[in-house]
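Right, one structure below, let's go through it.
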Amino acid sequence: MVQALQPGLSLGDAARMPAADVVAALGSREGGLSEQEAGRRRADLGPNALRTHGARPIAVFVRQLRNPLLMLLLAVACVSAVVGEATDAVIIVLISALSIGLGFINEYRSERAVEALHSQLRHSSIVLRDGRERSVDVVDLVPGDVVRLSVGDVVPADLRLLALNGLECDEAVLTGEALAVEKRADPAPESDSPLDLPSCAFMGTVVRSGSGTGVVVQTGPRTAFGRIAVRLGTRQPETAFQLGLRGFSMMLVRLTGLLAATILVVNILLGRSVLDSLLFALAIAVGLTPQLLPAIVTVSLSTGARRLAQRSVIVKRLVAIEDLGNIEVFFTDKTGTLTDGRITFEQALDATGQPDERILQLGLLCNDAVVQDGSVVGGNSLDQALWQSAGAAGAGAEAGYRRLAARPFDYQSRFGMALVAGPDGRRTVLVKGAPEVVLGRCVDIPASAQPVLGRLFDAGSRVVAVAAAPGRGDELGGDRPDGLRLQGFLAFRDPPKVDAAEALARLRALDVEVKVITGDNGRVAVKVCRDLGLDVRGVISGSELEQLDAAALADALPATTVFARVTPEQKSRVIRAQRALGSTVGFLGDGVNDAVALHDADVGISVDSASDVAKDAADVVLLEKDLDVLADGIGEGRRIFANTIKYVLMGTSSNFGNMFSAGASSFVLSFLPMLPTQILLNNLLYDISEMTVPTDRVDEEQLRRPAHWDTGHIRHFMLAFGPISSIFDFATFAILLRVFDAGPTLFRTGWFVESLTTQSLAIFAIRTARVPFFRSRPSRPLLWSTLGVVAVGVLLPFTPLAQPLGFMRLPAGVLAAIAAMVPAYLLLLELGKLLFFGRHVHRPHRPLGRLPRAERRIVRRASRWSVRRRADVAA
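Quick note on numbering: the numbering used here labels position 329 of the sequence shown as 320, and the sequence is numbered without any gaps.
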C-alpha cells in the first residue's frame, strides 16, 4: 500500500478534495501518523531531500579528466608510442596518472569534508506524531505527516492545507512573483497551472504571515520544487575568489600559448624534427602552468573548512571561505550578536510611566507565542518572554477572556492584532507592536507618553506599545480600528554580551568596519553600541532611509554606523549600496526577513538557531551566534587566501624562469636543453613539494587587512623574479659547457638538478616578505617536503631510473658548482624582494560605474594586493 501511496495521490488531486478526505486517503489522521508508521514510510519512500551531499568518487575522478592540457598530454603520449618513443610515452602516462591521482585524492577528501559539514546542519519542523507536537528533522517527513506552519518557516514538503489563520506564502522561488500568495483551506477549483492551488503550500516557499496546519502529500524530488530543481540542476554563482582565479588562468593561457607557439616554430625552423619540437613545446607549456593549482586550492579550502568547523563555523560552499576573509564592511543585527539574546520581560507601564499589570494582561491576550500544557514551545522572542515572566500567571490573561480572531505580527507592518471577548461579552481590538507604528494609529495620545518612551529607550530597553479599541462582530477589520487608544508599554531587557566588546576590538584589528542594521529603535541600538565601545558616527532610521535617493544614500553610508527600524527591503538596499562603493560586504542575519539581504551580501552569514530560510540563504552558518567566532572565520579565510597566493607566486615565477631558460637555450644549442619528460618530471616534483603549502604559517601582518586577487601584481611578480632564476640557469649552462665540456646527457642532468634545487628552495624566500627562517619560519610539513624533493632530485641520477629518464651520474665538480650557486641565488632573491616590494607602485582604481558587476568586482580589487604587500614590508 505504501509503495503506491505517494504516486497515487497527486498534489492537484489533493487540492481539489476536501481536507478530511485527503487525510484519509493518505492513511493518516488529524493527530498525525504514529512514529512506527512514519518510520516504515520513510524506509520505503526515502528521505525528504532533493539531493544528498555524499562524496561520489566516480564524479570526482571524471572531473580530473576535464583538464585540456591533460588530454593533450595523453594524446601526445599516444603519438609517441605510435612513432616508437615508448619510453617517453610510458613516462608521460605515469606522470599524468600521478597528477590525476593527487588531484583525485585531495578533491575527494574535500568532498568528504563538505559532506561532514552539511551533516551538522539541521532543519526541523513542528509535526504531529502520535497526537503530540514534536520537532522533526525535515528529511524524516513522509506523506501523511501533519505539519504546523508559522511565520518564517520554509515549507518542508508539498502540503494540502487543513486549517489556517491568515496564512500567506512567498512563492517567488517557484513563480518569480514577489507578492505573497494568500492561502485557504477550501478545495481548489480546476486550474491550468499546477502551481495555482491556493489550498496547497509548496516545498521551498516561505511563510510570510499567519499560521496554519497541513498534511504532507509529496516529498523530496516528487514535489513541485523538487521536479524543477532536478530538471534544471543546481548551479551556484561564481564568487569573487573564483572570478579572480579565472582571470589569472586566462592570463596564463595567453602567455603559455604565445611562448609554446614561438618555441615550436623556431625549433622547426632550426631543422629539428616536428615531433621532438612539438613534444618540447608542449612540455614547456605544461611546465609553465601550475598544474596542481586546483589541488592546492582544494586542499587549502578543505583544510580551512575543517579548522573553521572546529571553531563552530560551518561553510556551506568551500569557495566562500576566501570571501569570508575579504570582508571589509560587516553588517550585523543587534539581538543575540551584540546582546545576550536572552530577552526577559522587565516591566509593564501605563502611558504616564506608572507600573500597571493590566498592560501585561493585554500583552498576553494579543500574543503569538505557542503554548502547550502551560509551557511555551514557539513564537517570537518577545511574546515568549511575556509568557515566561513571573507576572504572567498573576495577570490571569485568559481568565474569562476568549480570543475570537488574531492577525499575527509581521515584519512589514511591525504590529499584530487580536480580537478578544471579555467576561461581559464586550469585544475589544488589541494592537501590539513597535511604539512609533502603534502611536501613529492612536488618537488622543497622552503628553506623558513620549517622555516615558524616551526614558525606556535611553535605558536600553526594548519597548512594545499596546493599544485598544472597541470591537464589533467576530472578525478583525482593517489595520486602523476606530478609536484606538494607547494603553501603555511593555519593556524588555536584553543586556550586552560580556565578551562582545572584545570581539568588536578583534574585528577592528582585522580592519573590518562593523555596522548595525536592526529592526529595533535607534536609541536602543546606539546605547548598546556605546556600551560595547563601538564608535557610532551616525544613525539613519527606516523612515529617513525612505527619503534618500541612491546618490544621497551613497554619500551617507561612510558616516553611518546604525540603521534602525529598517524593513527587509531597506536592509537589502543598504547592503547593495555599500557594495556599490567597492566594499566586500558581509551580513549576519537569522530571521525570515533577512533572507534577501543574505543573498545580496558578498558573504551571507547565519546561525544554527536561525529560521530555515535564513540558513538556506546563507553561505556560512555559525553554530554559535558570537562575533568572536566570526573573527576566527575571517582570520582563517585570510590565512587560506595568503597560502593560495604563495603557491601562485612561487609556481608562476619559478616555472616562468625555468621555461624561459629552456626556450631561449633551445635556440642556440644543437640539442634540446632538457627532454620533454624531464621537464614534466621537474615540474611534477616541484608541485609535490608545494602540496604542503596549505599548512604553512602566515605572517601576522598578512592577516591584518583583506587581500584580493590581483592578476597584474602576479604578472609583475612573475616577470621580476622569473629572470632571476634564468640568470642562474644561464650561469649553469656556461659552467656545464665551458668548464665541464658537457654533452647532451650531462648537460640535461646538471641543469635538471640545479633547476629543481633552486626553484624548490626559493619557496622559503618567496613565501614571505620578511627575512625567511629568522623572522618568518615555514611550517614543518613545508620544510620537510621541500628538502625531501631536493634530495630526490639530487639522488635521482644515481638510481636505476637515471638511464630510462635520460640522466647520468653527476661528477663531484658539477655537484660542488651547484651547491655553491644555491646560496648565491637565495641571496639575490632577497635583494630582489627589497627592490620589488619597495618600488612596486600602487595603481589607482579605474572608474567602475559603467562596468558589468562581475568585471567591476575584479577591477575594483585590482592592485590592493600590491598595497598590502608594501604595507607588509613597512611593518
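Ideal Cβ placement from N, Cα and C applies to all residues, glycine included.
The structure presented is a predicted model; accordingly, all values stated were derived computationally and were not measured.
Just to confirm, are Asp374 and Asn358 a CB contact at a threshold of 9 Å? yes
When we look at the beta-carbon of Val441 and count the other beta-carbons within 10 Å, is it buried (16 or more) or exposed? Just to set this straight, residue 441 is Gln in the shown sequence, not Val. It counts as exposed.
Where the alpha helix (DSSP H) through Arg446 begins and ends: Ala440 to Asp449
Rounded to the nearest angstrom, how far is the Cβ of Val503 from that of Phe480, given a contact under 8 Å? In fact, because the Cβ distance is near 36 Å, the residues do not count as touching under 8 Å.
Where the alpha helix (DSSP H) containing Gly626 begins and where it ends: Leu618 to Val659
Excluding five sequence neighbours on each side, which residues of the same chain lie with their C-beta closer than 8 Å to the C-beta of Ile715? Gly648, Tyr816, Leu819, Leu820 and Gly823
Just tell me which of Phe321, Gln538 and Glu560 has its CA closest to the CA of Phe578. Phe321
In angstroms, rounded to a whole number, what distance separates the CA positions of Ser200 and Leu395? 18 Å
Grouping DSSP H, G and I as helix and E and B as strand, with all else coil, what is Gly205? strand
Lys506 lies in the beta strand (DSSP E); which residues open and close that run? Glu504 to Ile508
Along the chain, where does the alpha helix (DSSP H) that runs through Thr702 open and close? Thr702 to Ala725
Beta carbon of Asp473 nearer than 9 Å to that of Leu410: no
So is Met241 buried or exposed if we call it buried at 16+ other beta carbons inside 10 Å? exposed
For Ala425, which residues from the same chain have a beta carbon less than 6 Å from its beta carbon, with the 5 sequence-adjacent residues on both sides left out? Arg405
Please decide whether Phe216 counts as near chain D, where near means a Cβ-Cβ distance under 9 Å. Given the protein chain composition of this structure (a single chain), no chain D is represented.
Alpha carbon to alpha carbon, what distance is there between Ala179 and Leu475? 38 Å
Pick helix, strand or coil for Gln538, following the three-state DSSP scheme. coil
DSSP puts Ala460 in a beta bridge; with which residues? Val420
Given a cut-off of 9 Å, decide if Gly135 and Arg869 are closer than it, judged by their beta-carbon atoms. With the chain running from -8 to 866 in the structure shown, residue 869 is simply not present.
How many Å lie between Thr723 and Pro795 at the Cα? 24 Å
Could you check if Ser532 belongs to the surroundings of the ligand ADP, using beta carbon to heavy atom distance under 8 Å? Summarising the ligand content, the structure contains no ligands, and the ligand ADP is consequently not present.
Residues in the same chain with beta-carbon distance under 7 Å from Ala154, minus the five sequence neighbours each way, listed in chain order, please. Ala176, Gly203 and Thr204
Option nearest Leu132 by Cα separation, candidates Ala542, Ala77 and Gly30: Gly30
Taking the CB atoms as reference points, tell me whether Thr552 and Arg570 lie closer together than 9 Å. no
Exposure label - Asp752; buried when at least 16 CB within 10 Å: First, the amino acid is wrong: residue 752 is Leu here, not Asp. Classification for Leu752: buried.
Terminal residues of the alpha helix (DSSP H) in which Cys520 lies: Gly513 to Asp522
Should the stretch 414 to 425 be called in touch with the stretch 300 to 312, which here means at least 3 C-beta pairs below 8 Å? no
Whether Gly628 touches Ala608 by CB criterion (9 Å): no
Cα-Cα separation between Gly262 and Ala655, rounded to whole angstroms: 16 Å
Which value, in whole angstroms, describes the spacing of the CA atoms of Ala698 and Gly316? 8 Å
Determine the DSSP secondary structure at Ala845, reduced to helix, strand or coil. Confidence in Ala845 is poor, its pLDDT being 37 and thus under 50, which makes the residue's placement unreliable; the coordinate value appears in the next sentence. Helix.
Secondary structure, beta strand (DSSP E): runs of 3+ residues fully inside the stretch 560 to 595: 576 to 579
Selected residue, minimal CA-CA separation from Ala494, among Phe721, Leu329 and Ala50: Leu329
Whole angstroms is fine: what's the gap from Arg729's alpha carbon to Val805's? 12 Å
Residues in the same chain with beta-carbon distance under 8 Å from Ala865, minus the five sequence neighbours each way, listed in chain order, please. Because Ala865 sits at a pLDDT of 29, beneath the cut-off of 50, its placement in the model cannot be relied upon, and the following sentence gives the value as read from the coordinates. No residues qualify anywhere along the chain.
Helix, strand or coil: how does DSSP classify Pro697 here? coil
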